[in-house]
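A quick write-up on the structure given underneath.
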Amino acid sequence: MDLALLGPVAGFALATCGTPGPNNMLLTSSGTRFGYRPTLKLLLGIMLGLQSLMLLTALGLGQLFMLWPVLQWGLKIAGSLYLLWLAFKIGSAPPPGQGEGERGMRWHQGALFQFLNPKSWLMAISAISGFTLAGEQYWSSAVLVLAVFLFFGVVTGHVWALFGMHVRRWLHTAGDWRRFNLLMAILTAASVLMIWR
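If you count the sequence shown from 1, position 13 lands on 15 in the numbering used here, and the numbers rise without skipping.
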């Protein structure tokens, strides 16, 4: 396999995994609110879901969007509604310790969220269609793409989670938490705009 592919794939993975989006807003919010261990589980779930989505795309699932564009519209609508619901939940969350039985998004919810996250679909379809090689090198190049995305997804996800944990140091009052939750909610809702541009 042509290892010259590694540089462009790495650059694309770093840009798409590291930039703000629904997954990174969830990781930041979870890191701030719940700390490292619950957020690590969420990160692993997100990566499991993204890797599954990319593998299914490599197996041909992405072609369904080419054949039936209405599926893409349906995904955009469902993903937008879910993101707005998440934004509402984040924005209306009470400060830690004031909610009954509060818990963050579980790993399996993070994994399933990837199938509603339009940014994840865009990443998967773009990476598989743009960086896999034809013919006998298809699967070796697809495995390389998946491995590179796994590496950069885990690294950049940690950065966002650790950023959230450091933000917690500045949140001393209930008002601080409300403002932070509102900011995270606005940023999560704003990611809907990226879906429709």
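Glycine included, every Cβ here is placed at the ideal spot set by N, Cα and C.
*With distances taken from CA atoms, which of L66, W87 and F133 is nearest F115?*
Position 113 of the sequence shown holds residue 115. Per the C-alpha coordinates, the member of L66, W87 and F133 positioned closest to F115 is W87.
_C-alpha distance - N25 paired with H168, whole-angstrom precision_ = The residue you call residue 25 lines up with position 23 of the sequence shown. The residue you call residue 168 lines up with position 166 of the sequence shown. The straight-line gap from Cα to Cα measures roughly 18 Å.
*Would you say the stretch 10-23 touches the stretch 148-161, given that touching needs at least three Cβ pairs under 8 Å?*
In short, these stretches touch, since the Cβ pair count reaches three.
*Contact between the stretch 169-184 and the stretch 67-75: three or more CB pairs below 8 Å?*
Fewer than three beta-carbon pairs drawn from the stretch 169-184 and the stretch 67-75 are found closer than 8 Å, and the two stretches are therefore not classed as touching.
*asked:* Can you tell me whether T175 is helix, strand or coil according to DSSP?
replied: Residue 175 sits at position 173 when you count from the first residue of the sequence shown. In the three-state DSSP reduction, T175 falls in the coil class, being neither helix nor strand.
*Under 8 Å by Cβ, that's how I've got K121 and G23 pegged, so tell me the actual separation to the nearest angstrom.*
By 1-based counting over the sequence shown, the position of residue 121 is 119. By 1-based counting over the sequence shown, the position of residue 23 is 21. Sure, about 5 Å apart at Cβ, within 8 Å.
*Report yes if the C-beta of L42 is less than 7 Å from at least one heavy atom of the ligand ZN; otherwise report no.*
Only the bare structure without any ligand can be found here, which leaves the ligand ZN out of the picture.
*Look at the Cβ atom of M27, then the Cβ atom of T158, and state whether they are nearer than 8 Å.*
Translated into the one-based positions of the sequence shown, residue 27 becomes position 25. Translated into the one-based positions of the sequence shown, residue 158 becomes position 156. The answer is no: Cβ separation not under 8 Å.
*Do A144 and I130 come within 8 Å of each other at the CB atom, strictly closer than that value?*
Looking up residue 130 in the sequence shown gives position 128. Looking up residue 144 in the sequence shown gives position 142. Taking 8 Å as the cut-off, the Cβ atoms of I130 and A144 count as close.
*Figure out for me which residue from L135, L55, Y140 and S142 has the closest Cα to the Cα of L118.*
Against the sequence shown, residue 118 aligns to sequence position 116. Minimum Cα distance to L118 is reached at L55.
*Measure the C-alpha to C-alpha separation of L146 and L85 and round it to an integer number of angstroms.*
Working through the sequence shown from its first residue, we reach residue 146 at position 144. Working through the sequence shown from its first residue, we reach residue 85 at position 83. Cα-Cα distance, rounded: 30 Å.
*Quick one: grab the DSSP three-state call for M186.*
Mapped onto the sequence shown, residue 186 falls at position 184. Three-state result, M186: helix.
*How many Å lie between G93 and L58 at the Cα?*
Walking along the sequence shown from the start, residue 93 turns up at place 91. Walking along the sequence shown from the start, residue 58 turns up at place 56. Those two C-alpha atoms are separated by around 33 Å.
*Below 8 Å between beta carbons: does that hold for S31 and G155?*
Locating residue 31 in the sequence shown gives position 29, where the first residue counts as 1. Locating residue 155 in the sequence shown gives position 153, where the first residue counts as 1. Remark: C-beta atoms of S31 and G155 do not approach each other more closely than 8 Å.
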